[in-house]
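In my numbering, the protein residues as written are 997 to 1331. For each residue, glycine too, the CB sits at the ideal point set by N, CA and C. Taking it in order: structure first as structure tokens, then the write-up.
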Amino acid sequence: MGFQYFSYMLAYFIVLFGASYGVQYFDPELYWKSVLPNTPIPKVVTDLLPSRKDHDLARLTPEPTVEVAPYKPAQLPIALPITLPITLPAITLTSYATATSDDQNNINSNIYEGIFFLENDINKPGNRIKTNLNFIINNTTRPTLFLPRQIAQSIPFSSKKLLEIFTKFSLKPHSIEAEMVKKTIKECEEDNDHDHDEHYCATSLESMVDFTTSKIGKNIQAISTQVAMKNNDHQYYHFTTITQVEKKRKSSSIVVCHKQNYPFAVFYCHSLQDVEAYVVNLEEEGNDNKVIAICHEDTSQWNPKHLAFQILKVKPGTVPICHFLPQLHILWIQN
997 MGFQYFSYML AYFIVLFGAS YGVQYFDPEL YWKSVLPNTP IPKVVTDLLP SRKDHDLARL
1057 TPEPTVEVAP YKPAQLPIAL PITLPITLPA ITLTSYATAT SDDQNNINSN IYEGIFFLEN
1117 DINKPGNRIK TNLNFIINNT TRPTLFLPRQ IAQSIPFSSK KLLEIFTKFS LKPHSIEAEM
1177 VKKTIKECEE DNDHDHDEHY CATSLESMVD FTTSKIGKNI QAISTQVAMK NNDHQYYHFT
1237 TITQVEKKRK SSSIVVCHKQ NYPFAVFYCH SLQDVEAYVV NLEEEGNDNK VIAICHEDTS
1297 QWNPKHLAFQ ILKVKPGTVP ICHFLPQLHI LWIQN
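Okay, here's the thing in structure tokens:
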């Protein structure tokens, strides 16, 4: 199950919000183009944008650039009566230093076994590598979409407002959906001191752009994993052959944004230091797929119980540890 069915109501939500309260909102896509005119918008982002017909109330000029600021919860005047199915996450790749196997005890370890690997495993084209990636491929429903910043910031996003949030989205407090909302907010509220890499949860495309540019500037590119589409909702790819490897230009830091489980698009973004990034072409059943790989050069501060160490049989700080980024994750890197 998943929050994907909520996307069908977002256009109605935006239009009703604007019509009822005289709101003129700014177009997230135009905001991207005004701040990052030389950075193409990746498909993972365009797939999360409301269609052009949903923007009848949008202004023709982008919202001015603003500083990244914490959310200021305000009461949302509209409650949508929606009960949604949900998809349990197959992987958590946000807090490397604090994550333990106990945090992931409900996750199929076979999925992780194919995601964590050593850097040497991908440096040789033609090499056969064991992977087990769960890509969500959905041709029948749209994923949860971005809300314009003005609307997103009017919705409570705080562990102190959980009951109000559940009410807004008509979620039963002890339902799976409510638990996933609770988990997402809790992770977003974790103190940055737990990790040396600063994180920020973006509830709009505009805030994601602002956070990223504040960390690595505006001369950047945004890339994501691209896989061959098939006619089923969930596809497990067992890639075996590396056909090409492109090592991205190393910069002092990068930003990675992971899509969270939430009724509208929320991304957990964090800046990373001492990281190598690769675009790896993996071939499976004649399909060539471009998959983003991230290699962490320094794992000395990771939790020794992290599942990656158990799978790879290595200790913190000894060798770089790599993982692939599934769909709906974005790598931001300097040109």
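Out of the options, which has the shortest C-alpha to C-alpha gap to residue i?
i	options	result
Asp-1117	Leu-1143, Leu-1278 and Cys-1253	Leu-1278
Val-1251	Phe-1153, Ile-1151, Ile-1307 and Ala-1198	Ala-1198
Lys-1179	Lys-1211, Tyr-1264, Arg-1145 and Ile-1238	Tyr-1264
Asp-1284	Cys-1291, Ser-1166, Val-1275 and His-1292	Val-1275
Lys-1311	His-1319, Leu-1321 and Asn-1299	Asn-1299
Leu-1321	Tyr-1258, Ile-1111 and Met-1176	Ile-1111
Thr-1208	Ala-1148, Lys-1286 and Ser-1249	Ser-1249
Thr-1140	Glu-1242, Pro-1121, Ser-1247 and Thr-1042	Thr-1042
Val-1262	Glu-1183, Lys-1157, Leu-1159 and Asp-1270	Glu-1183
Lys-1333	Lys-1301, Gly-1313, Val-1271 and Thr-1163	Residue 1333 is absent from the model: the chain starts at 997 and stops at 1331.
Tyr-1258	Leu-1308, Lys-1211 and Ile-1181	Ile-1181
Lys-1156	Thr-1237, Glu-1280, Val-1177 and Gln-1269	Val-1177
Lys-1319	Gln-1297, Pro-1152 and Ala-1273	For the sequence presented, residue 1319 should be read as His rather than Lys. The candidate whose alpha carbon is nearest that of His-1319 is Ala-1273.
Asn-1119	Lys-1309, Ser-1150, Glu-1242 and Asp-1294	Glu-1242
Asp-1206	Lys-1309, Tyr-1027 and Asp-1023	Tyr-1027
On the premise that residue j lies in contact with residue i, defined as a C-beta separation below 8 Å, what is that separation, rounded to the nearest angstrom?
i	j	result
Gln-1222	Ile-1329	Actually they do not touch by this definition, with Cβ atoms about 16 Å apart.
Glu-1194	Ser-1267	5 Å
Val-1040	Ile-1326	6 Å
Ile-1317	Ala-1304	5 Å
Leu-1114	Val-1315	6 Å
Ser-1171	Ile-1212	Wrong, their Cβ atoms sit about 38 Å apart, outside the cutoff.
Leu-1044	Glu-1025	Actually they do not touch by this definition, with Cβ atoms about 10 Å apart.
Could you confirm whether any beta carbon from chain D is found closer than 7 Å to the beta carbon of residue i?
i	result
Cys-1318	Going by chain labels, chain D is absent from the structure shown, which holds only one protein chain.
Using the Cα positions of residue i and residue j, report the straight-line distance between them to the nearest angstrom.
i	j	result
Leu-1143	Ser-1200	6 Å
Asn-1034	Lys-1214	9 Å
Gln-1240	Cys-1291	17 Å
Lys-1255	Ser-1166	22 Å
Leu-1324	Ala-1224	14 Å
Ser-1185	Pro-1169	Reading off the sequence shown, one finds Glu at residue 1185, where the question assumed Ser. So the alpha carbons of these two residues sit roughly 19 Å apart.
Pro-1121	Ala-1148	44 Å
Glu-1280	Arg-1124	11 Å
Ser-1220	Lys-1164	32 Å
Ile-1238	Gly-1282	12 Å
Ser-1047	Gln-1146	18 Å
Ser-1210	Cys-1253	14 Å
Thr-1057	Phe-1260	Because Thr-1057 sits at a pLDDT of 45, beneath the cut-off of 50, its placement in the model cannot be relied upon, and the following sentence gives the value as read from the coordinates. Cα to Cα, the separation comes out at about 24 Å.
Glu-1063	Met-1204	Since pLDDT at Glu-1063 reaches only 49, below the 50 mark, its modelled position is unreliable, and the value read off the structure follows with that caveat. Each residue's Cα considered, the two are about 11 Å apart.
Lys-1286	Asn-1331	19 Å
Pro-1152	Ala-1174	14 Å
Ile-1307	Gly-1313	15 Å
Tyr-1196	Ser-1296	23 Å
Ser-968	Lys-1029	Absent from the structure is residue 968, since the part of the chain shown begins at 997 and ends at 1331.
Asp-1187	Glu-1293	23 Å
Ile-1161	Asp-1023	25 Å
Pro-1036	Gln-1269	24 Å
His-1302	Pro-1038	31 Å
Let me know the secondary structure DSSP gives residue i once reduced to three states.
i	result
Gln-1280	Contrary to the premise, residue 1280 reads as Glu rather than Gln in this sequence. Note: Glu-1280 maps to strand in three-state DSSP.
Trp-1328	strand
Lys-1156	helix
Ile-1151	coil
Ser-1210	helix
Leu-1044	coil
Tyr-1001	Per-residue confidence for Tyr-1001 stands at a pLDDT of 46, beneath the threshold of 50, marking its modelled position as unreliable; the derived number appears in the next sentence. Reduced to three states, the DSSP call for Tyr-1001 is helix.
Ile-1181	helix
Thr-1140	coil
Tyr-1274	strand
Gln-1306	helix
Leu-1026	helix
Val-1251	strand
Asn-1116	helix
Ala-1086	Unreliable placement is indicated for Ala-1086, whose pLDDT of 40 sits below 50; the coordinate value is still reported in the next sentence. Coil at Ala-1086, not helix or strand.
Leu-1321	strand
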